[in-house]
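For any residue, its number in the working numbering is found by taking its place in the sequence shown, counting from 1, and adding 13.
Cβ atoms here follow ideal geometry from the backbone N, Cα and C, with glycine treated the same way.
Model, not experiment: these values are computed from the prediction.
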Amino acid sequence: MIRSPRFSGRLAGAILSSILAAALLAPAPSSAHEYKIGAIEIGHPWSRAMPTGARTGAGYLVLSNKGTESDRLVAISSPVAEQVQIHDMAIKDGVMTMRRIEDGLPIPAGAEARLAPGGLHLMLLGVKQPFQEGQMVPLELTFEKAGAVEVQLKVDAMGAKGEHSAHAQ
Ligand SMILES: [Cu+2]
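Encoded structure:
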C-alpha cells in the first residue's frame, strides 16, 4: 500500500489531537502518596471537596498490615475537625445506612482494610472550614501496635469517586 506522506501526516495529526482531547477530558489523576508506621502501610489518603456550609467530611485510604501480628486502628484525630470516627455503610432494607465502628478497625496480619466511597470510611465531624479541592488535610492515625502517624488527606473534586485513587505504582 502506498501512502502519501501528506496523508500519514494528517492521520498522525488526527490521532495526536484525539489523544490530546482524551487527556483534556479525563479527570486529572491525583498523585498517589504513601505513609508507613511499623508494619502498617497507609496508601493514598484522600477526601472530597465539601459544599459551602458543610461540617462533615469523609476520609478514604488503604491500610495494609505487612507484619505477622494483627493490629488495629484505634484512634483518629485532625486539627481541622472536632472528631474523627470510623464508619461503615451498608444497604439495609433498600436504604443506605451508616454505622459507627466503636472499638477500632482490626487489620489482620497480611491483610488490608480499604476505606473507600460506599463502604468503610473515616468521618470528620465538626469541620471548621469546608475542604477545598487541592487542599491537604492533616490526620493523625493511632494503631494499637504500630503507634501514631500523621498523614495528609488529598482533597479531590466534590464528585470524585476514587477510581483514579488506586495506586499508580
Ligand atoms: Cu460516615
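Around the Cβ of Leu74, a 10 Å sphere holds 16 or more other Cβ atoms; the residue is buried.
Taking 7 Å as the cut-off, one finds at least one heavy atom of ligand 1 near enough to the beta carbon of Met111.
For Thr69 against Val164, the beta-carbon gap comes to about 19 Å, at or over 8 Å, which does not count as contact. Under the DSSP assignment, Lys49 falls in the beta strand (DSSP E) whose first and last residues are 47 to 50. Residue range 84 to 90 is occupied by the beta strand (DSSP E) that includes Leu86. C-alpha of Leu86 to C-alpha of Met136: approximately 14 Å in a straight line. Within the model, the alpha-carbon separation for Pro58 versus Thr155 is close to 15 Å. In the displayed model, Phe156 falls within a strand according to three-state DSSP. Relative to ligand 1, the nearest heavy atom lies less than 7 Å away from the CB of His100. Here the C-alpha atom of Lys49 lies approximately 29 Å from the C-alpha atom of Ala103. According to the DSSP assignment, Lys105 belongs to the beta strand (DSSP E) that extends over 96 to 105.
DSSP lists Pro151 as the beta-bridge partner residues of Gln165.
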